[in-house]
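Colleague: Protein chains in written order, with my numbering: chain A, 13 to 582; chain B, 13 to 582.
Built from N, CA and C at the ideal position, the CB exists for glycine as well.
Have a look at the structure that comes next, please.
Protein chains: 2
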Amino acid sequence: MRQNKMLLPTLREVPKEAEITSHKLLLRAGLARMFAAGMYTYLPLGFRVLKKIERVVREEMDRTGAQEILGNQLQPAELWHTTGRWDDYGPEMMKLKDRHERDFVLGPTHEELFTTLVNNEVNSYKKLPFNLYQIATKFRDERRPRFGMLRAREFAMKDAYSFHDSTESLAATYDEMYNAYSNIFTRLGINFRPVQADAGAIGGSGRNHEFMALAEIGEDTIAVCSHCDYAANLEKAETAYRAAGAAPTSDAPAFEKLHTPDVKTIDQLVTSLGVEASSFMKTLVYLADGQPVAVCVRGDHEVNEVKLQKLLGARTIEMADAATIERVTGAPVGFIGPVGLSIPVVVDREVAGIASGITGANEKDFHIRNVVAGRDFSMERTGDVRNAVAGDTCPHCEEGVLEFYRGIECGHIFELGTKYSDALHATFLNKDQKQQPFIMGCYGIGVSRLITAIIEQNNDEKGIIWPLAVAPYHVHVIPVKVKDEEQMKIAEQLYDRLRAQGVDVLLDDRDESAGVKFKDSELIGIPLRITVGKKAGEGIVEFNVRKTGETQEVSLEAAFDEVLRLVKGE
Amino acid sequence: MRQNKMLLPTLREVPKEAEITSHKLLLRAGLARMFAAGMYTYLPLGFRVLKKIERVVREEMDRTGAQEILGNQLQPAELWHTTGRWDDYGPEMMKLKDRHERDFVLGPTHEELFTTLVNNEVNSYKKLPFNLYQIATKFRDERRPRFGMLRAREFAMKDAYSFHDSTESLAATYDEMYNAYSNIFTRLGINFRPVQADAGAIGGSGRNHEFMALAEIGEDTIAVCSHCDYAANLEKAETAYRAAGAAPTSDAPAFEKLHTPDVKTIDQLVTSLGVEASSFMKTLVYLADGQPVAVCVRGDHEVNEVKLQKLLGARTIEMADAATIERVTGAPVGFIGPVGLSIPVVVDREVAGIASGITGANEKDFHIRNVVAGRDFSMERTGDVRNAVAGDTCPHCEEGVLEFYRGIECGHIFELGTKYSDALHATFLNKDQKQQPFIMGCYGIGVSRLITAIIEQNNDEKGIIWPLAVAPYHVHVIPVKVKDEEQMKIAEQLYDRLRAQGVDVLLDDRDESAGVKFKDSELIGIPLRITVGKKAGEGIVEFNVRKTGETQEVSLEAAFDEVLRLVKGE
Numbered sequence: 013m014r015q016n017k018m019l020l021p022t023l024r025e026v027p028k029e030a031e032i033t034s035h036k037l038l039l040r041a042g043l044a045r046m047f048a049a050g051m052y053t054y055l056p057l058g059f060r061v062l063k064k065i066e067r068v069v070r071e072e073m074d075r076t077g078a079q080e081i082l083g084n085q086l087q088p089a090e091l092w093h094t095t096g097r098w099d100d101y102g103p104e105m106m107k108l109k110d111r112h113e114r115d116f117v118l119g120p121t122h123e124e125l126f127t128t129l130v131n132n133e134v135n136s137y138k139k140l141p142f143n144l145y146q147i148a149t150k151f152r153d154e155r156r157p158r159f160g161m162l163r164a165r166e167f168a169m170k171d172a173y174s175f176h177d178s179t180e181s182l183a184a185t186y187d188e189m190y191n192a193y194s195n196i197f198t199r200l201g202i203n204f205r206p207v208q209a210d211a212g213a214i215g216g217s218g219r220n221h222e223f224m225a226l227a228e229i230g231e232d233t234i235a236v237c238s239h240c241d242y243a244a245n246l247e248k249a250e251t252a253y254r255a256a257g258a259a260p261t262s263d264a265p266a267f268e269k270l271h272t273p274d275v276k277t278i279d280q281l282v283t284s285l286g287v288e289a290s291s292f293m294k295t296l297v298y299l300a301d302g303q304p305v306a307v308c309v310r311g312d313h314e315v316n317e318v319k320l321q322k323l324l325g326a327r328t329i330e331m332a333d334a335a336t337i338e339r340v341t342g343a344p345v346g347f348i349g350p351v352g353l354s355i356p357v358v359v360d361r362e363v364a365g366i367a368s369g370i371t372g373a374n375e376k377d378f379h380i381r382n383v384v385a386g387r388d389f390s391m392e393r394t395g396d397v398r399n400a401v402a403g404d405t406c407p408h409c410e411e412g413v414l415e416f417y418r419g420i421e422c423g424h425i426f427e428l429g430t431k432y433s434d435a436l437h438a439t440f441l442n443k444d445q446k447q448q449p450f451i452m453g454c455y456g457i458g459v460s461r462l463i464t465a466i467i468e469q470n471n472d473e474k475g476i477i478w479p480l481a482v483a484p485y486h487v488h489v490i491p492v493k494v495k496d497e498e499q500m501k502i503a504e505q506l507y508d509r510l511r512a513q514g515v516d517v518l519l520d521d522r523d524e525s526a527g528v529k530f531k532d533s534e535l536i537g538i539p540l541r542i543t544v545g546k547k548a549g550e551g552i553v554e555f556n557v558r559k560t561g562e563t564q565e566v567s568l569e570a571a572f573d574e575v576l577r578l579v580k581g582e
Numbered sequence: 013m014r015q016n017k018m019l020l021p022t023l024r025e026v027p028k029e030a031e032i033t034s035h036k037l038l039l040r041a042g043l044a045r046m047f048a049a050g051m052y053t054y055l056p057l058g059f060r061v062l063k064k065i066e067r068v069v070r071e072e073m074d075r076t077g078a079q080e081i082l083g084n085q086l087q088p089a090e091l092w093h094t095t096g097r098w099d100d101y102g103p104e105m106m107k108l109k110d111r112h113e114r115d116f117v118l119g120p121t122h123e124e125l126f127t128t129l130v131n132n133e134v135n136s137y138k139k140l141p142f143n144l145y146q147i148a149t150k151f152r153d154e155r156r157p158r159f160g161m162l163r164a165r166e167f168a169m170k171d172a173y174s175f176h177d178s179t180e181s182l183a184a185t186y187d188e189m190y191n192a193y194s195n196i197f198t199r200l201g202i203n204f205r206p207v208q209a210d211a212g213a214i215g216g217s218g219r220n221h222e223f224m225a226l227a228e229i230g231e232d233t234i235a236v237c238s239h240c241d242y243a244a245n246l247e248k249a250e251t252a253y254r255a256a257g258a259a260p261t262s263d264a265p266a267f268e269k270l271h272t273p274d275v276k277t278i279d280q281l282v283t284s285l286g287v288e289a290s291s292f293m294k295t296l297v298y299l300a301d302g303q304p305v306a307v308c309v310r311g312d313h314e315v316n317e318v319k320l321q322k323l324l325g326a327r328t329i330e331m332a333d334a335a336t337i338e339r340v341t342g343a344p345v346g347f348i349g350p351v352g353l354s355i356p357v358v359v360d361r362e363v364a365g366i367a368s369g370i371t372g373a374n375e376k377d378f379h380i381r382n383v384v385a386g387r388d389f390s391m392e393r394t395g396d397v398r399n400a401v402a403g404d405t406c407p408h409c410e411e412g413v414l415e416f417y418r419g420i421e422c423g424h425i426f427e428l429g430t431k432y433s434d435a436l437h438a439t440f441l442n443k444d445q446k447q448q449p450f451i452m453g454c455y456g457i458g459v460s461r462l463i464t465a466i467i468e469q470n471n472d473e474k475g476i477i478w479p480l481a482v483a484p485y486h487v488h489v490i491p492v493k494v495k496d497e498e499q500m501k502i503a504e505q506l507y508d509r510l511r512a513q514g515v516d517v518l519l520d521d522r523d524e525s526a527g528v529k530f531k532d533s534e535l536i537g538i539p540l541r542i543t544v545g546k547k548a549g550e551g552i553v554e555f556n557v558r559k560t561g562e563t564q565e566v567s568l569e570a571a572f573d574e575v576l577r578l579v580k581g582e
């Protein structure tokens with residue numbers, strides 16, 4: 013492409029609306045423009061990156077034998093009524109009525125549609141298994157769209173849905189997808205970790221993994237073992253339970269009340285009593301499906317609501333409000349404890365290991381000490397209900413310790429089981445000639461979000477540094493003076509020769525200073541640069557690698573060969 | 013692709029909802045499925061055809077230097093308020109509100125968005141001209157979605173918008189697009205005609221052409237000269253005016269009333285009076301911007317409302333209702349005429365050529381004869397306000413005659429001028445350092461609709477006959493017995509070898525009878541077929557060409573070479 017007439021509006025100034033590096037660069041490098049919160053138009057450069065990412069995704073999906081299709085974006089409401097998600101999905105779902113007042117959903121995901129399609133068209137186990145995918149625009153009305161393409165309302169997604177007659181077959185495809193995803197993110201040059209995760213709103217009964225691009229601005233926290241390959245989203249990360257040596261002793265003295273006026277927080281207690289936070293039994297009140305329940309974790313730990321919900325088998329879980337807390341415990345927030353409560357008490361396993369604890373007395377301005385779980389209060393349920401913390405022993409190998417990172421969720425794969433086929437009565441005739449619900453998996457990749465992840469991981473103070481695989485152009489050919497006929501002619505010839513070899517070349521044919529051109533080139537992050545300047549007539553050009561900043565005078569032919577070598581090696 | 017696990021649900025029976033051949037075949041060949049009126053999910057085979065069409069469109073657009081981008085599908089209402097189209101576009105526009113009650117349009121077209129984008133990013137004539145395009149999903153809530161993908165509510169479209177500093181520059185790009193469109197439709201194997209057309213809702217001040225695929229089921233009528241290259245949509249087709257020899261004579265006797273009880277139609281008049289229809293002055297009443305106007309055409313002609321609207325310079329034009337007609341003429345429908353009317357009379361040129369006409373008397377049960385335009389009634393306006401009819405002299409060469417065809421509108425190109433840039437105040441700094449509105453063109457192709465056009469033009473009683481350029485697969489390799497190890501091995505080898513050469517191959521590895529496989533193959537229309545049967549062990553296969561039905565026993569190598577020759581030649 014010739015740059016002169018190209019719509020490539022680079023910006024010197026940092027747009028005010030952008031908070032994070034990748035968002036600033038998305039706008040400054042002229043990749044995209046926003047027309048409403050979380051809704052982007054891709055300009056030529058951004059569009060090329062999007063298509064290159066799509067191509068990698070498509071190639072790896074096709075390699076597994078998955079079949080590409082394209083579903084409606086507008087889906088009739090009836091499909092969503094059947095699974096109950098018309099009501100359950102919440103305000104993220106964008107809805108509209110057609111001219112006949114019929115309700116439609118602007119697809120945020122496609123489980124209902126794909127499952128219905130397969131139910132209509134496939135009747136026999138003989139056609140199974142197969143895996144259908146699409147790369148298409150999705151719509152989710154995010155409460156707070158932000159961070160460029162990280163949290164957008166209109167975005168590109170690859171979603172796949174597989175159909176099976178057995179859990180073994182599902183597991184095999186799941187493994188295949190796990191590998192395909194690893195290949196995709198590796199090819200895209202992303203520093204990522206597959207982590208165990210919670211299934212969230214998509215649901216499902218089996219395994220699920222998120223593929224996380226490591227980045228400071230990531231919205232998720234992930235725990236990674238320093239020794240083995242264990243990695244999990246914080247909401248899912250288990251904690252290792254070491255009961256040995258920490259069992260409560262029965263010889264602790266009886267508990268006694270302490271007057272602690274206005275001492276409400278763990279920090280205040282630590283200061284005022286001179287005891288470590290780990291000795292406290294922090295107690296919170298939740299509503300599980302509307303019923304109050306007390307939850308007790310160590311003073312230095314936090315409750316993990318996902319684990320709590322799972323342990324209780326509750327459909328909903330939420331913090332109780334102050335009034336409810338006072339009603340069910342008799343005390344205000346800050347003085348709650350497990351002793352003497354009339355509501356069920358759920359106890360984190362490590363609280364059960366405190367030999368002599370301190371906790372709220374369920375009475376304003378009082379705490380109690382020498383508390384022993386099981387002796388002084390009954391434990392309705394014990395289990396792992398806390399967040400893992402950095403330095404925790406790895407729950408998998410029990411040798412390494414957990415380290416914490418921030419991550420951008422780039423992909424998520426699920427063993428769904430029969431959640432959607434049950435709801436939609438989607439069945440096939442199995443080997444025994446009986447109707448059986450399809451066993452399903454689903455597999456998503458946030459295609460446009462990957463642009464943000466890649467920029468976030470590949471930039472410096474000058475701009476973006478695209479990995480070759482997704483670079484909008486492999487090489488930037490820059491004639492220093494476009495009015496110098498010889499320079500321009502050599503640059504044009506190089507441009508044509510490289511393109512003839514299948515190399516993606518951007519020719520900066522603008523009548524601008526070399527300084528302006530170099531700055532733009534670095535900002536938009538083309539990986540390789542060939543500058544055609546004064547010595548071009550002698551067959552000498554400048555070859556520059558964006559990532560290392562390395563610049564060399566080389567012969568035109570050497571530069572040509574080096575580009576081919578690097579591009580073909582990709 | 014291997015057919016056994018492929019989602020390729022062919023149907024033996026003709027689906028009830030399909031009225032036309034291409035719609036029946038769309039469903040029977042398993043190309044797509046409908047989830048709501050006019051909204052399709054593309055199955056693997058249909059998706060491949062769609063992508064092949066897109067690729068041809070993209071290649072030809074790129075060849076002209078057009079830049080591909082991707083606009084938001086959801087567009088903020090404000091953009092549409094600025095041009096007035098939020099109100100004017102009518103019920104075809106799908107609208108929704110986001111969670112903050114902000115209004116959005118689900119883009120039916122993108123003039124507003126692209127013009128605003130360019131206005132924001134481009135300030136100088138130095139960046140002009142350029143042409144931006146996208147291939148994306150569009151939404152139009154058609155009153156009567158039908159005929160498969162011909163009139164769909166969610167559909168794929170290529171739309172392009174060019175920006176210029178002069179009408180000469182626009183004309184050059186328009187010509188380039190005209191040629192690119194001709195290349196595209198030619199490469200897609202479509203029998204098409206570019207025709208002059210009316211600009212309709214898109215508007216614009218300059219030229220516009222529709223590209224029509226000839227097909228019986230087409231919704232448009234086009235007039236094509238038998239001699240020169242004149243072709244126009246009926247709504248636009250001019251009529252040749254031959255005044256000579258047909259000027260009214262002043263010696264016609266004075267007009268006189270005829271009692272014609274209950275004789276209201278031209279047919280009835282022809283029968284009862286024994287006079288040719290061309291002698292009648294048929295008079296209709298319209299409302300032009302709400303004001304009544306009489307329109308007079310020959311009895312054998314029809315009023316062309318598009319021409320009438322243009323002649324009157326009216327914003328809206330509609331037939332008057334019976335009550336209005338009676339109020340302004342004093343007579344019921346069937347007895348209206350131009351004589352003695354108090355409202356303006358618009359006269360088609362050929363009415364002015366009737367030497368002695370018959371028309372309604374504006375009195376129930378009466379007509380008058382010996383009527384001469386200009387003598388017996390005044391002509392507010394004369395012009396070409398009738399539809400052309402088959403056999404009319406060509407208005408361009410005046411040698412040939414017009415022949416009529418039905419056509420499917422596949423593309424439409426417009427010289428917009430400044431319609432949108434004026435409305436959106438989209439300007440740039442011109443050579444004289446003055447703000448000037450962008451001069452624009454726009455260029456659409458109904459990408460998914462092309463599937464319907466292609467099938468409509470390429471089928472027989474057995475099914476579809478894909479042109480090689482858009483065939484989902486070039487060749488169908490069919491082992492007769494998949495349980496025969498030798499046959500299967502040879503088929504697999506052939507499959508692998510052809511794919512290695514870049515040929516798109518479908519391998520029918522289903523355990524079905526040869527008859528079933530052949531029927532399916534013909535139905536889905538793969539252009540070439542290699543059958544691996546009994547003689548495969550001796551290196552002999554059957555080579556079949558779908559279009560001609562020609563079947564030959566040839567050597568495996570000859571079949572292989574022939575496929576390569578045909579595919580590479582494409």
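Who are the near neighbours of A:Arg-14 in its chain, counting only those whose CB is closer than 7 Å to its CB and skipping five residues on each side?
Modeller: Position 2 of the first sequence, counting from 1, holds the residue named residue 14 of chain A. Counting only Cβ-Cβ distances below 7 Å, and skipping sequence neighbours, we find Leu-519, Asp-521.
Colleague: Please look up how many angstroms separate the CB atoms of B:Gly-453 and B:His-424, rounded, as I've assumed it's under 8 Å.
Modeller: Taking the second sequence and counting its residues from 1, one reaches residue 453 of chain B at position 441. Taking the second sequence and counting its residues from 1, one reaches residue 424 of chain B at position 412. No, B:Gly-453 and B:His-424 are not in contact; Cβ-Cβ is about 11 Å, not under 8 Å.
Colleague: With respect to the beta strand (DSSP E) encompassing B:Asn-132, which residues constitute its N-terminal and C-terminal limits?
Modeller: If you number the second sequence from 1, residue 132 of chain B lands on position 120. It is not in any beta strand (DSSP E) - B:Asn-132 instead sits in the alpha helix (DSSP H) that spans 123–133.
Colleague: Counting only the same chain and skipping the five closest in sequence on each side, list residues whose C-beta sits under 8 Å from that of A:Tyr-432.
Modeller: Numbered from 1 along the first sequence, position 420 holds the residue referred to as residue 432 of chain A. If we look at A:Tyr-432 and ignore the five residues flanking it on each side, its Cβ neighbours are Thr-95, Glu-123, Glu-124, Thr-127, Ala-438, Met-452.
Colleague: Answer yes or no: does any C-beta atom of chain A fall closer than 8 Å to that of B:Ile-65?
Modeller: Taking the second sequence and counting its residues from 1, one reaches residue 65 of chain B at position 53. Not an interface residue.
Colleague: Under 6 Å Cβ to Cβ from B:Phe-267, same chain only, skipping five residues before and after it: list those, please.
Modeller: Along the second sequence, read from residue 1 onward, the residue named residue 267 of chain B stands at position 255. Excluding residues within five positions, the ones whose Cβ falls inside 6 Å are Ile-380, Asn-382, Val-383, Asp-388.
Colleague: Classify A:Gly-257 as buried or exposed, calling it buried when 16 or more other Cβ atoms lie within 10 Å of its own Cβ.
Modeller: Working through the first sequence from its first residue, we reach residue 257 of chain A at position 245. Unreliable placement is indicated for A:Gly-257, whose pLDDT of 43 sits below 50; the coordinate value is still reported in the next sentence. By the 10 Å Cβ count, A:Gly-257 comes out exposed.
Colleague: Less than 8 Å between the CB atoms is what I'm expecting for A:Leu-37 and A:Leu-57, so what's the real figure, rounded?
Modeller: Here residue 37 of chain A refers to the residue found at position 25 of the first sequence. Here residue 57 of chain A refers to the residue found at position 45 of the first sequence. No, A:Leu-37 and A:Leu-57 are not in contact; Cβ-Cβ is about 11 Å, not under 8 Å.
Colleague: In terms of residues, what are the limits of the alpha helix (DSSP H) holding A:Leu-6?
Modeller: The requested residue 6 of chain A is not part of the displayed model; chain A covers only 13 to 582.
Colleague: Are the C-beta atoms of A:Ala-41 and some chain B residue less than 8 Å apart?
Modeller: By one-based count along the first sequence, residue 41 of chain A stands at place 29. Answer no: the Cβ-Cβ gap between A:Ala-41 and chain B never drops below 8 Å.
Colleague: Are at least three pairs of beta-carbons, each pair with one atom in the segment 218–225 of chain B and one in the segment 482–490 of chain B, less than 8 Å apart?
Modeller: The segment 218–225 of chain B vs the segment 482–490 of chain B: no contact.
Colleague: Indicate whether at least one CB of chain A lies closer than 8 Å to the CB of B:Met-106.
Modeller: Residue 106 of chain B sits at position 94 when you count from the first residue of the second sequence. B:Met-106 counts as touching chain A.
Colleague: So, are the CB atoms of A:Val-315 and A:Pro-304 less than 8 Å apart?
Modeller: Start at 1 with the first residue of the first sequence, and residue 315 of chain A comes out as number 303. Start at 1 with the first residue of the first sequence, and residue 304 of chain A comes out as number 292. Result no, Cβ atoms of A:Val-315 and A:Pro-304 do not sit closer than 8 Å.
Colleague: On a Cα-Cα basis, can you pick out the residue from A:Glu-113, A:Pro-103, A:Leu-20, A:Asn-131 that is closest to A:Thr-430?
Modeller: Counting from one through the first sequence, the residue named residue 430 of chain A turns up at place 418. Nearest C-alpha to A:Thr-430: A:Asn-131.
Colleague: Could you give the DSSP three-state label for A:Gly-257: helix, strand or coil?
Modeller: Position 245 of the first sequence, counted from the first residue, corresponds to residue 257 of chain A. Confidence at A:Gly-257 is low in this model, with a pLDDT of 43, below 50, so its placement is unreliable and the value that follows should be read with caution. Three-state DSSP puts A:Gly-257 in coil, outside helix and strand.
Colleague: Measuring only the C-alpha atoms, how far is B:Asn-556 from B:Ser-181?
Modeller: Position 544 of the second sequence holds residue 556 of chain B. Position 169 of the second sequence holds residue 181 of chain B. B:Asn-556 and B:Ser-181: Cα-Cα distance of roughly 50 Å.
Colleague: Are the C-beta atoms of A:Met-169 and some chain E residue less than 8 Å apart?
Modeller: You won't find chain E in this structure, because its protein chains are A and B.
Colleague: Span of the alpha helix (DSSP H) holding B:Pro-56?
Modeller: The residue labelled residue 56 of chain B in the question sits at position 44 within the second sequence. Where B:Pro-56 is concerned, the enclosing alpha helix (DSSP H) stretches over 56–75.
Colleague: Would you give the residue range spanned by the beta strand (DSSP E) that B:Asp-232 belongs to?
Modeller: Walking along the second sequence from the start, residue 232 of chain B turns up at place 220. Unbroken beta strand (DSSP E) run through B:Asp-232: 232–237.
Colleague: With 8 Å set as the bound, which would you pick, yes or no: does the beta-carbon of B:Met-391 sit closer than that to a beta-carbon of chain A?
Modeller: Looking up residue 391 of chain B in the second sequence gives position 379. It does not; no Cβ of chain A falls within 8 Å.
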